[in-house]
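Trainee: Chains as they are written, first to last, in this note's numbering: chain A, 2 to 331; chain B, 2 to 331.
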């Protein structure tokens, strides 16, 4: 009745932006990500009669309110499958700052889903597991897989064909690196979830996002399969800028960028001009992630570390999918 | 054969962004601006047989290359009308940094056109003058008028119905203020002209810009006529963000924003939250202009002046149109 799982964060190269179903978390568009080896969440879940209600601790802090509710809803999904009403104790640890645009909800809900299903003795295939994780946090479905994953949007109303699949394992492209730097570890004012709904509802640029995302998916998918770095970086950079364009033009506008975000973007452009090929991508937060080849990662990380704005730098490569662990957190 | 004119800069509340004819400078969309009392260009033009070729001095520096060519082309237009081949000496002075996103080409070409036509003894109505100025720099056509002006895009191929007209004189709304701050007086890397063509050619967001600009025009026009400040600010802010969204998503991307731009935008949002109603607008450069009511202008200017990034602050109101002057520059 107790299990521990670890899942890595993933960074989208073609972003998930916009839901067609808020409750089931069905996306408006498919997305593609790289699972990162450097950033992960470990979660222990225990179901027992001794727990009178669900109790959740994240990074040493008991959570309440909306944050607790989201975990409880996810536990309910798993309890329904396992036909049990037992309450759970859940303890979770991130090795990086949460809610700062480093996809902690992706790794968090992937780890939670795997730990909870295992604790309740369910044996679930990865595809099903990704659909369960998806209902906790959309992008979590991609963290079930290592390497490179695509979340297929699907078309069914019940979400039964909206799942993630692996495009390629981490061994496929070990030369690819992603440099994640934390420019401010503050939690965000507007959660991705709220930002997304508002954008879909009223950004005049949202339709253009949807109309062109298929081309980005094709370009990025092909670039991964054929290890075409320039194609990957160019498409990912444009895709991120398009997503932010939809946010900047929603009413009221949502501007996740901070001054440091621009400094970093300009630094990436500067390095690129100097002949160090690299690209940026930005999620719903101020953090800039840099896509580059491993041979340049050290040089780029050093440049980035030297910037006054940067608190922390992680050099990542394609990492593992969600897995069980025996390092119990309690 | 010698005349001097002064024209004020103008800042668009609905931006001109994209040409349908590069040579005649015919825009894809109509635009609306406020002519500013604080920022202006004075130009003296003299045609004479003693000048062997056109000679142009701006802010004490002789200009050459593309900058000279643009002035010569404008002088050619005027010479054609006056049926003369005389060369000219032109001296021009801005009271603010040029080419830093403060619309120096708008005031500059408006002043040049008025000075040159007058020097050659042409008597031209404002509407015609605006069409001449337009061919030098699109937005210059709006600086012919004081107060608030609309540049009607027109539909003719020869540009004969693409001119500016006054929506309201400066006396109509003296309570409206615009605070212009220079966050960096560097000249821009990508000129608006080049940025514009590229955006029209390949930004996936450009169509949405065109599809929604009519609504912005309607909102801003009505807000000016009925002095509805909230409506004006909201529409202008969204319009500016939409323009930048088209630039951010063109390939290669054009990002005029600097870290200081974001700092200023956030400061405007912060003041607004604190109950000081104000809005930002941003042109093709890093400068942030703040639209506010005069009663708050002092308070806002003080806040802005206190920011480390700000080099200079101008508090402007609606200003005069282009006019002749007897303060010759040589």
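Note that beta-carbon positions come from the ideal geometry of N, C-alpha and C, so glycine has one too. Every value quoted in this text rests on a predicted model; they were computed, and no experiment measured them.
(1) Hey, quick one: how far does the beta strand (DSSP E) through residue 228 of chain A stretch, first residue to last?
(2) Is the CB-CB distance between residue 92 of chain A and residue 45 of chain A below 8 Å?
(3) Chain B partners of residue 121 of chain A, CB-CB under 8 Å?
(4) Which residues, in order along the stretch 255-286 of chain B, keep a beta-carbon less than 9 Å from a beta-carbon of chain A?
(5) Residues of chain B with CB under 7 Å from residue 175 of chain A, in chain order?
(6) Just confirm the distance between the C-beta atoms of residue 121 of chain B and residue 79 of chain B, as a whole number of angstroms; I'd bet it's less than 8 Å.
(7) Contact between the stretch 8-17 of chain B and the stretch 108-117 of chain B is defined here as three or more beta-carbon pairs at a separation below 8 Å; is this criterion met?
(8) Does the stretch 149-169 of chain B come within contact of the stretch 191-199 of chain B, defined as at least 3 CB pairs closer than 8 Å?
(9) Note down the Cα distance separating residue 154 of chain B from residue 144 of chain B, rounded to an integer number of angstroms.
(10) In angstroms, rounded to a whole number, what distance separates the CA positions of residue 51 of chain A and residue 280 of chain A?
(11) Report yes or no: do three or more beta-carbon pairs, one from the stretch 29-38 of chain A and one from the stretch 133-153 of chain A, lie closer than 8 Å?
(12) Which chain A residues are close to residue 325 of chain B, counting only those with a beta carbon under 9 Å from its beta carbon?
(13) Which residue's Cα is closest to the Cα of residue 259 of chain A: A:69, A:131, A:284, A:214?
(14) Is it the case that the stretch 206-217 of chain A contacts the stretch 175-185 of chain A, given that we only count it when at least three CB pairs across the two stretches are under 8 Å?
(15) What residues from the stretch 197-208 of chain A come within 7 Å of chain B, judged by C-beta to C-beta, listed N to C?
(16) Check the Cβ of residue 237 of chain B against every Cβ in chain A and list those closer than 9 Å, keeping chain order.
(17) Measure the Cβ-Cβ separation of residue 293 of chain B and residue 39 of chain B and say whether it is below 8 Å.
(18) Name the one or two DSSP bridge partners that residue 239 of chain B has.
(19) Output, in chain order, the set of chain B residues within a Cβ distance shorter than 7 Å of residue 246 of chain A.
(20) Taking three-plus beta-carbon pairs below 8 Å as touching, is the stretch 125-141 of chain A in contact with the stretch 52-68 of chain A?
(21) Ignoring anything shorter than 4 residues or poking outside the stretch 71-132 of chain B, list the alpha helix (DSSP H) runs there in chain order.
(22) Please state if the CB of residue 183 of chain B and the CB of residue 313 of chain B are separated by a distance shorter than 8 Å.
(23) Using the three-state DSSP reduction, which class does residue 29 of chain A fall into: helix, strand or coil?
(24) Determine the closest residue to residue 333 of chain A out of A:257, A:6, A:15, A:322, with distance taken between C-alpha atoms.
(25) Going by C-alpha to C-alpha distance, which of B:36, B:48, B:328 sits closest to residue 103 of chain B?
(26) Taking only the alpha-carbon atoms, compute the straight-line gap between residue 254 of chain A and residue 20 of chain B and give it to the nearest angstrom.
(27) Give every residue of the same chain whose Cβ lies closer than 6 Å to the Cβ of residue 306 of chain B, excluding the five residues on either side of it in the sequence, and list them in chain order.
(28) Applying a beta-carbon distance threshold of less than 8 Å, which residues of chain A neighbour residue 242 of chain B?
(29) Which residues, taken in chain order from the stretch 55-87 of chain A, show a beta carbon closer than 8 Å to some beta carbon of chain B?
(30) Run through the DSSP bridge pairs and tell me what residue 145 of chain B is partnered with.
(31) So, with DSSP's three-state summary, where would you put residue 207 of chain B?
(32) Just to make sure I have the definition right: I need the residues of chain A whose C-beta is within less than 7 Å of the C-beta of residue 213 of chain B. Which are they?
(33) So for residue 67 of chain A, helix, strand or coil by DSSP?
(34) Within 10 angstroms of its Cβ, does residue 49 of chain A collect 16 or more other Cβ (buried), or is it exposed?
(35) Indicate the three-state DSSP secondary structure (helix, strand or coil) for residue 37 of chain A in the structure shown.
Mentor: In terms of the structure at hand:
(1) Working through the first chain from its first residue, we reach residue 228 of chain A at position 227. That residue, residue 228 of chain A, is in no beta strand (DSSP E); it is neither H nor E in DSSP.
(2) The residue labelled residue 92 of chain A in the question sits at position 91 within the first chain. The residue labelled residue 45 of chain A in the question sits at position 44 within the first chain. Note that the C-beta distance between residue 92 of chain A and residue 45 of chain A is below 8 Å.
(3) Residue numbering aside, residue 121 of chain A sits at position 120 when the first chain is read from its first letter. Ordered by position in chain B, no residue passes the 8 Å Cβ test against residue 121 of chain A, which lies about 46 Å from the chain.
(4) Listed in chain order, the positions of the stretch 255-286 of chain B with a beta carbon within less than 9 Å of a beta carbon of chain A are 256, 258, 259, 260, 261, 262, 263, 264, 266, 267, 270.
(5) Here residue 175 of chain A is taken as the residue at index 174 of the first chain, counted from 1. Going along chain B, no residue has its Cβ under 7 Å from residue 175 of chain A, so there is no contact; the nearest lies around 29 Å.
(6) Residue numbering aside, residue 121 of chain B sits at position 120 when the second chain is read from its first letter. Residue numbering aside, residue 79 of chain B sits at position 78 when the second chain is read from its first letter. Contact holds; Cβ gap of about 6 Å.
(7) Enough Cβ pairs lie closer than 8 Å, so yes.
(8) Touching, no.
(9) Counted from its first residue, the second chain places residue 154 of chain B at position 153. Counted from its first residue, the second chain places residue 144 of chain B at position 143. Using only the alpha carbons, I get a separation of about 16 Å.
(10) Residue 51 of chain A sits at position 50 when you count from the first residue of the first chain. Residue 280 of chain A sits at position 279 when you count from the first residue of the first chain. In this structure, the straight-line span from the alpha carbon of residue 51 of chain A to that of residue 280 of chain A is close to 51 Å.
(11) In the pairwise beta carbon analysis, the stretch 29-38 of chain A is classified as touching the stretch 133-153 of chain A: at least three pairs are separated by under 8 Å.
(12) Here the question's residue 325 of chain B lines up with position 324 in the second chain. Around residue 325 of chain B, no beta-carbon contact reaches into chain A at under 9 Å, the shortest distance being about 42 Å.
(13) Along the first chain, one-based indexing puts residue 259 of chain A at 258. Of the listed residues, the one whose Cα sits closest to residue 259 of chain A is A:284.
(14) No contact exists between the stretch 175-185 of chain A and the stretch 206-217 of chain A.
(15) Those residues of the stretch 197-208 of chain A that come within reach of chain B (Cβ to Cβ, closer than 7 Å) are 205, 206, 208.
(16) Residue numbering aside, residue 237 of chain B sits at position 236 when the second chain is read from its first letter. Close partners of residue 237 of chain B in chain A (Cβ separation under 9 Å) are lacking, with about 12 Å as the shortest Cβ gap.
(17) For the purposes of this step, residue 293 of chain B is taken as the residue at position 292 of the second chain. For the purposes of this step, residue 39 of chain B is taken as the residue at position 38 of the second chain. With a cutoff of 8 Å on beta-carbon distance, residue 293 of chain B and residue 39 of chain B are scored as not near each other.
(18) Here residue 239 of chain B refers to the residue found at position 238 when the second chain is read from its first residue. DSSP output for residue 239 of chain B lists no bridge partner at all.
(19) Translated into positions along the first chain, residue 246 of chain A becomes position 245. The contacting residues are 206, 246, 249, 250.
(20) Counting C-beta pairs with one atom in each stretch, the stretch 125-141 of chain A and the stretch 52-68 of chain A have fewer than three that are closer than 8 Å, which means they do not touch.
(21) The stretch 71-132 of chain B is shown to contain whole alpha helix (DSSP H) runs of 4 or more residues at 105-120, in chain order.
(22) Stepping through the second chain from its first residue, residue 313 of chain B is reached at position 312. Stepping through the second chain from its first residue, residue 183 of chain B is reached at position 182. Yes.
(23) Position 28 of the first chain, counting from 1, holds the residue named residue 29 of chain A. Correct three-state label for residue 29 of chain A: coil.
(24) Coverage of chain A is limited to positions 2 through 331, which leaves residue 333 of chain A absent and any answer about it impossible.
(25) Within the second chain, numbered from 1, the residue matching residue 103 of chain B stands at position 102. Residue B:36 is the option with its Cα nearest to residue 103 of chain B.
(26) Residue numbering aside, residue 254 of chain A sits at position 253 when the first chain is read from its first letter. Residue numbering aside, residue 20 of chain B sits at position 19 when the second chain is read from its first letter. Rounded to the nearest angstrom, the two C-alpha atoms are 27 Å apart.
(27) Reading the second chain from its first residue, position 305 is the one you call residue 306 of chain B. Counting only Cβ-Cβ distances below 6 Å, and skipping sequence neighbours, we find 314.
(28) As a working mapping, residue 242 of chain B is identified with position 241 in the second chain. Contact annotation for residue 242 of chain B against chain A: 249, 250, 254 [CB-CB distance below 8 Å, chain order].
(29) Residues of the stretch 55-87 of chain A whose Cβ lies closer than 8 Å to any Cβ of chain B: none.
(30) Position 144 of the second chain, counted from the first residue, corresponds to residue 145 of chain B. Looking at the DSSP assignment, residue 145 of chain B forms no beta bridge with any residue, so it has no partner.
(31) Looking up residue 207 of chain B in the second chain gives position 206. DSSP places residue 207 of chain B in helix when its eight states are reduced to three.
(32) Reading the second chain from its first residue, position 212 is the one you call residue 213 of chain B. Residues of chain A passing the Cβ test: 205.
(33) Here residue 67 of chain A refers to the residue found at position 66 when the first chain is read from its first residue. Residue 67 of chain A falls in the helix class under three-state DSSP.
(34) If you number the first chain from 1, residue 49 of chain A lands on position 48. It is exposed - the Cβ of residue 49 of chain A has fewer than 16 other Cβ atoms within 10 Å.
(35) By 1-based counting over the first chain, the position of residue 37 of chain A is 36. DSSP places residue 37 of chain A in strand when its eight states are reduced to three.
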